[in-house]
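Enquirer:
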Amino acid sequence: MSDKNIAIKVNQLNKSFGSLHVLKDVDLEVRESEVVVLIGASGSGKSTLLRCLNFLEVKESGTIHLEGKEVDPKKDDLNKVRARTGMVFQHFNLFPHMTVIENIIEAPVYVKKMKKEEAIKIGKELLGKVGLADKADVYPRTLSGGQQQRVAIARALAMKPQIMLFDEPTSGLDPELVGEVLEVMKALAREGMTMVVVTHEMGFAREVADWVVYLDQGSVVEIGSPEQIFEDAQEERTKEFLSKVL
């Protein structure tokens, strides 16, 4: 199998916080343009795995390859690595003292040294893409949670990442606002964006995922297509988890 179209390859990844072993020998492969959804109970290691992929957490052992190249946190410029892997968090983390467009252009201008005019043009295009073309000059506090999360997605996309990581992007939202964020993510998936998504939205996983990965207590228990995982899970732990959430 050639590695050229493997966007993410994780081998035997381990991570602990003190005496708590959070990730245990995790293996994961994500090909270009695939959507992989991580499911599991709170505390199963899903968010930690995502943060390791973006080097916000440093692994103890194992390897992480992005786009065919092993990333070494000691030698590689992690800001450059993160520029290729956009991340959207549960909390929007928008700067309250900046307008929406200022939030979006901050990283392209200061990290990528993009010209401000070009960054604004791209930023406005992205706001149109997430359905917020008229919100460029307002402040985040005037927006709903769903709108703020869509701005956060536009901000991540402004860096032109090859991979998008989503860490429970809808879990902090009121139920009626969840759909608008998921619609933006579905559109990205249709466009072929490589995505790894931690979510409790099983309907989204069923509809959009190429692969569903069930984690329990820091280990990958089962990987399969949505049909296989949701209709015909092989592992008892997977069945037990799904019986509680479906």
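Those letters in the sequence shown? Residues 1 to 246, by this note's numbering.
Ideal Cβ placement from N, Cα and C applies to all residues, glycine included.
None of these values were measured; they are calculated from a predicted model.
Do you know whose CA, among Val-212, Ser-243, Asp-232, lies nearest Glu-29's CA?
Expert: Selected option, being the one with the closest Cα: Val-212.
Enquirer: Which word fits Asp-234, buried or exposed, when buried means at least 16 other C-beta atoms lie within 10 angstroms of its C-beta?
Expert: The question names Asp, but residue 234 in the sequence shown is Gln. With fewer than 16 other Cβ atoms within 10 Å, it is exposed.
Enquirer: Determine the extent of the alpha helix (DSSP H) in which Thr-238 is found, giving its start and end residues.
Expert: Run containing Thr-238: 236-245, per the alpha helix (DSSP H) assignment.
Enquirer: Within the continuous alpha helix (DSSP H) that includes Lys-186, where are the two ends?
Expert: That run of the alpha helix (DSSP H) goes 175-190.
Enquirer: Between the Cα of Gly-247 and those of Ser-19, Ser-61, Asn-11, spot the shortest distance and give me the residue it belongs to.
Expert: Outside the shown range of the chain, which is 1 to 246, sits residue 247, and nothing can be said about it.
Enquirer: When burial is assigned at 16 or more other CB atoms within 10 Å of the CB, is Ala-133 buried or exposed?
Expert: It counts as exposed.
Enquirer: Alpha carbon to alpha carbon, how far is Ile-104 from Tyr-214? Give it in angstroms, no decimals.
Expert: So the two alpha carbons sit approximately 33 Å from each other.
Enquirer: Using CA atoms only, rank isn't needed, just tell me which of Val-37, Leu-53, Ala-7 is closest to Leu-13.
Expert: Looking at the Cα atoms, Leu-53 is the closest of the given residues.
Enquirer: From the DSSP output, read off the bridge partner residues of Arg-31.
Expert: According to DSSP, Arg-31 bridges with Ile-6.
Enquirer: Just verifying my parser: in three-state terms, what is the DSSP assignment at Thr-199?
Expert: In the structure shown, Thr-199 sits in coil (DSSP, three-state: anything other than H, G, I, E or B).
Enquirer: Assuming contact is defined by CB atoms lying nearer than 8 Å, are Ser-19 and Glu-60 in contact in what I supplied?
Expert: Not a contact, by the Cβ cut-off of 8 Å.
Enquirer: To the nearest angstrom, report how far apart Lys-244 and Val-151 are at their CA atoms.
Expert: When rounded, the distance between both Cα atoms is 33 Å.
Enquirer: In the structure shown, what three-state DSSP assignment does Met-1 receive?
Expert: Residue confidence for Met-1 is low, a pLDDT of 42 falling below 50, so the modelled location carries little weight; the figure read from the coordinates is stated next. Met-1 falls in the coil class under three-state DSSP.
Enquirer: Which class does Ser-47 belong to by DSSP, given the choice of helix, strand or coil?
Expert: Reduced to three states, the DSSP call for Ser-47 is helix.
Enquirer: Express the C-alpha separation of Ile-229 and Glu-222 in angstroms, rounding to a whole number.
Expert: The straight-line gap from Cα to Cα measures roughly 8 Å.
Enquirer: Check each candidate in Val-220, Pro-175, Gly-128 and name the one with the smallest Cα separation from Ile-153.
Expert: Of Val-220, Pro-175, Gly-128, the residue nearest in Cα terms is Gly-128.
Enquirer: Using beta-carbon positions only, say whether Arg-84 and Leu-66 come within less than 8 Å of one another.
Expert: Yes, these two residues count as a Cβ contact at 8 Å.
Enquirer: Just to confirm, are Ala-247 and Ile-122 a CB contact at a threshold of 8 Å?
Expert: This structure cannot settle anything about residue 247, because the visible part of the chain is limited to 1 through 246.
Enquirer: When burial is assigned at 16 or more other CB atoms within 10 Å of the CB, is Ser-2 buried or exposed?
Expert: Residue placement at Ser-2 is poorly supported in this model, since its pLDDT is 48, which falls under 50; the coordinates are not used for a value here.
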